[in-house]
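This note's numbering applies: residue 405 is where the sequence shown begins, and numbers increase by one.
Using N, Cα and C, we set each Cβ at its ideal position, and we do this for glycine too.
Model, not experiment: these values are computed from the prediction.
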Amino acid sequence: MIHQWIPKPLLLLLIIAILSDLQESKAASFCSKEDQCAVDEEVKQIALPAPIQARYDYTRIYQVELASDEHVRIFQALELASDSCSFMGHARVVGQKLTIMVTAAKVADFDDLVHSYNVTHRVLNHNFQSLIDANYREVAPPGTTPDQFDWKRYYPLENIYAWLESLAKKRSDVVSLVDLGASTQGLPIKGVRIAFGKENLTSVFVESGIHAREWIAPATATYFIDQLLNSEDPAIQELARSQNWLIFPTVNPDGYRYTFEGDRMWRKNRALFGICRGVDLNRNFPFHWNVTGASGDPCRYDYSGPSAGSELETQRIVQFLEQHIQSDRIRTFIALHSYSQMIMFPYGHSAKRVDNYQDLTEIGQLAAQRIKDLSGRIYKSGSIYETIYPSAGGSKDWAHGHLKIPITFSYELRGPADSEDLFILSAKEIEPTAGEAFASLQTIVQEAGKRGYYQ
Ligand SMILES: [Zn+2]
Numbered sequence: 405m406i407h408q409w410i411p412k413p414l415l416l417l418l419i420i421a422i423l424s425d426l427q428e429s430k431a432a433s434f435c436s437k438e439d440q441c442a443v444d445e446e447v448k449q450i451a452l453p454a455p456i457q458a459r460y461d462y463t464r465i466y467q468v469e470l471a472s473d474e475h476v477r478i479f480q481a482l483e484l485a486s487d488s489c490s491f492m493g494h495a496r497v498v499g500q501k502l503t504i505m506v507t508a509a510k511v512a513d514f515d516d517l518v519h520s521y522n523v524t525h526r527v528l529n530h531n532f533q534s535l536i537d538a539n540y541r542e543v544a545p546p547g548t549t550p551d552q553f554d555w556k557r558y559y560p561l562e563n564i565y566a567w568l569e570s571l572a573k574k575r576s577d578v579v580s581l582v583d584l585g586a587s588t589q590g591l592p593i594k595g596v597r598i599a600f601g602k603e604n605l606t607s608v609f610v611e612s613g614i615h616a617r618e619w620i621a622p623a624t625a626t627y628f629i630d631q632l633l634n635s636e637d638p639a640i641q642e643l644a645r646s647q648n649w650l651i652f653p654t655v656n657p658d659g660y661r662y663t664f665e666g667d668r669m670w671r672k673n674r675a676l677f678g679i680c681r682g683v684d685l686n687r688n689f690p691f692h693w694n695v696t697g698a699s700g701d702p703c704r705y706d707y708s709g710p711s712a713g714s715e716l717e718t719q720r721i722v723q724f725l726e727q728h729i730q731s732d733r734i735r736t737f738i739a740l741h742s743y744s745q746m747i748m749f750p751y752g753h754s755a756k757r758v759d760n761y762q763d764l765t766e767i768g769q770l771a772a773q774r775i776k777d778l779s780g781r782i783y784k785s786g787s788i789y790e791t792i793y794p795s796a797g798g799s800k801d802w803a804h805g806h807l808k809i810p811i812t813f814s815y816e817l818r819g820p821a822d823s824e825d826l827f828i829l830s831a832k833e834i835e836p837t838a839g840e841a842f843a844s845l846q847t848i849v850q851e852a853g854k855r856g857y858y859q
C-alpha cells in the first residue's frame with residue numbers, strides 16, 4: 405500500500421496533481437488549435453488496439469518419411485491429437501513423404517517422437533516467422549496506386565480490386581468488371597471479363613485464391629490478365645482473341661484479407677462455427693461432397709462445411725457458372741493453387757476416370773513439358789486422385805462432373821513438393837511462376853482447340 409509510507413499532506417497533494425492531470429487531458433480532447441488536435445488524433449491512433457497477428461517464431465517445418473504401417477498410424481493419430489502440428493496433407497500410405505509444421509512449444513516432443521520410432525526426417529525450416537517477416541516486407545505499401553501495380557510485390561485485396569476497376573475504366577472496350585456477389589463478411593468477389601469482340605467465342609474461366617494463404621495464385625491470375633491485355637507477343641495476342649476470359653483472382657476475399665491482418669497461414673473462409681472459423685471452400689462444392697479427404701470438424705484446415713454448397717463464396721461461383729455456362733460458352737475451367745508444381749485434372753473424389761481422360765492426360769503432359777522447356781521446372785501431371793491425394797468437394801470436380809466443362813485443370817504452382825517455404829514464396833518468384841503457368845495455359849488452350857473442344 406503506497407499511502408503507508410507517504411505522509412498524509414503529501415498524499416493529498418499527489419491526488420490533487422493526478423486529478424488535475426486527468427482534467428487537463430480531458431480538456432485537450434476538445435481542442436481548438438490545429439496542432440493540438442493533430443497530436444490528439446495521433447494519440448487516438450496509437451491507443452487503438454493493434455490487430456493481433458499470429459506468430460510462428462521458432463516454429464519448425466519437418467519432412468518425415470513414412471516407412472511402415474506403424475509410421476502411417478502414428479502420424480494419423482498425431483494429426484488427430486495435436487493442434488500444435490499442422491499437416492500439409494494427411495498420412496496415408498507407406499513410402500509417403502509428409503510435411504508437418506510444428507510449433508515451438510512442441511519441437512522437443514516431436515523430435516523425441518521421430519527418434520523413438522526411427523522415422524527418417526529432416527528439418528526444412530527452423531524459424532518459420534523469419535520467412536513470414538520477409539514476405540510481409542514484400543507487400544506493396546498502402547497508397548500504392550493502380551498504375552504502380554506490378555508482379556514484383558504482393559498486393560492486399562484493396563489494391564487488386566482497385567487495379568481491376570482501373571482496367572475496366574481504361575480499357576472499357578475490352579474489359580468489364582464482374583462482381584460475383586458478397587462474401588461471408590460482406591466483401592465483393594470481383595473479377596473481369598475480357599472480350600476482344602469476336603462473335604460466338606468459347607470462354608475460359610479462371611478461379612484463383614480459393615485458399616487464402618496461397619498468395620502466388622492471385623498474383624498469377626492478375627499476371628494472366630495483364631498478359632492477355634498488354635502483351636506485344638503476336639502468339640499471345642492471338643490466344644487472347646481466340647477466347648473470352650473470365651478471371652477471378654481472389655474468390656475467398658475474407659480469407660485473403662485475414663492473411664494480411666491476422667494469420668499468414670490462413671486457408672479457409674471466415675465463417676464462424678462455435679469456437680472455430682472457416683470452411684475449406686475447395687471441399688464445399690456440391691459434387692460427391694465429403695466422401696473423402698475432408699474433415700467434418702470446423703477446427704480442421706480441410707473442414708468441408710455443414711452441408712454441400714453451404715458457403716456464400718461457393719454459392720456465388722456455382723450460380724455464376726450455372727447462369728453463364730451456355731451464354732458465355734464456358735469450355736475451360738482453370739483453378740490456381742500452390743504449392744507442389746502440379747497440373748491436375750478431375751477427379752479428386754475417386755479413382756474413376758473422366759470420359760476424356762486420355763485427352764486430359766495428354767494435354768496435361770504437354771502443358772508440363774512446356775514449363776520444363778521454358779524454365780526447367782518439373783511439374784507433375786495427372787488426375788487429382790492419382791497425383792496429389794484423394795479429396796472431394798473441389799470446384800474442378802463439380803465443374804467437370806456436374807457442369808460438364810470438358811477442359812478442367814487445377815494448378816499447384818511453385819515451389820516443389822518438398823519446398824522449404826511452403827506457401828511463403830518470395831516475390832522474386834512471382835514473374836517466373838506466373839510466366840510458366842501462363843505459357844502452359846496457352847498450350848492447354850491450343851491443344852484443346854486442336855482436339856475440337858471449342859467448336
Ligand atoms: Zn490450395
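{"Item": "Of the listed residues His741, Ala544 and Ser570, nearest to Asp551 (C-alpha basis)", "Value": "Ser570"}
{"Item": "Spatial neighbours of Trp555 in its chain, beta-carbon cut-off 8 Å, leaving aside the 5 residues before and after", "Value": "Ala623, Thr626, Tyr627, Asp630, Ile834, Glu835 and Ala838"}
{"Item": "Continuous alpha helix (DSSP H) assignments of at least 4 residues falling wholly in the region 455-493", "Value": "473-485"}
{"Item": "Span of the alpha helix (DSSP H) around Trp802", "Value": "Ser799 to Gly805"}
{"Item": "Supposed contact pair Asp461 and Asn531 - C-beta distance, whole angstroms, cut 8 Å", "Value": "7 Å"}
{"Item": "Residue(s) in a DSSP beta bridge with Val579", "Value": "Ile598"}
{"Item": "Of the residues Cys703, Thr606 and Ile767, the one placed nearest Ser488, counting alpha carbons only", "Value": "Cys703"}
{"Item": "contact_flag[the region 717-734, the region 770-782] where n(CB pairs < 8 Å) is 3 or more", "Value": "no"}
{"Item": "Pick from Gly547, Thr654, Tyr559 and Val476 that is closest to Asn522, judged by C-alpha positions", "Value": "Val476"}
{"Item": "Buried versus exposed, by CB contacts within 10 Å (16 or more), Asn673", "Value": "buried"}
{"Item": "Below 7 Å from a heavy atom of ligand 1 - residues by beta-carbon", "Value": "Ile614, His615, Glu618, Asn686, His741 and Ser742"}
{"Item": "Three CB pairs or more closer than 8 Å across the region 638-645 and the region 661-678", "Value": "no"}
{"Item": "Neighbourhood of Leu584 by C-beta distance below 6 Å, restricted to the same chain and skipping five residues each side", "Value": "Ile593, Arg720 and Phe724"}
{"Item": "Helix, strand or coil at Tyr558 [DSSP, three-state]", "Value": "strand"}
{"Item": "Contact under 9 Å by Cβ, Gly697 with Tyr707", "Value": "no"}
{"Item": "Closest residue to Asp637 among Tyr857, Gly601 and Phe842 (Cα-Cα distance)", "Value": "Phe842"}
{"Item": "Closest residue to Lys808 among Pro750, Leu633 and Ala831 (Cα-Cα distance)", "Value": "Pro750"}
{"Item": "Local Cβ density within 10 Å of His519, reported as buried at 16 or more and exposed below that", "Value": "exposed"}
{"Item": "Residues near Arg597 by beta carbon distance below 6 Å, same chain, minus five either side", "Value": "Ser580, Val582 and Leu650"}
{"Item": "Beta-carbon proximity list for Ala771, same chain, < 6 Å, skipping 5 on both sides", "Value": "Ile747, Ser844, Thr847 and Ile848"}
{"Item": "Touching by the beta-carbon criterion (3+ pairs, under 8 Å), the region 602-620 and the region 825-833", "Value": "yes"}
{"Item": "One or two residues paired with Ile651 in a DSSP bridge", "Value": "Val596 and Val610"}
{"Item": "Collapsed DSSP secondary structure at Leu676 in the structure displayed", "Value": "strand"}
{"Item": "Contact under 9 Å by Cβ, Gly499 with Glu474", "Value": "no"}
{"Item": "Boundaries of the beta strand (DSSP E) in which Pro615 is found, first to last residue", "Value": "Note on residue identity: the sequence assigns His, not Pro, to residue 615. His615 -> no beta strand (DSSP E), and no H or E assigned at all."}
{"Item": "His525 (DSSP reduced to helix, strand or coil)", "Value": "strand"}
{"Item": "With 16 other Cβ atoms within 10 Å as the buried cut-off, status of Thr503", "Value": "buried"}
{"Item": "Assigned secondary structure, Leu502 (DSSP; H/G/I helix, E/B strand, else coil)", "Value": "strand"}
{"Item": "Nonlocal neighbours in the same chain, by C-beta distance under 7 Å from Phe434, ignoring five residues either side", "Value": "Residue placement at Phe434 is flagged as unreliable, the pLDDT there being 38, under the threshold of 50; the coordinate-derived value follows with that caveat. Result list for Phe434: empty, nothing under 7 Å."}
{"Item": "Pro545 (DSSP reduced to helix, strand or coil)", "Value": "coil"}
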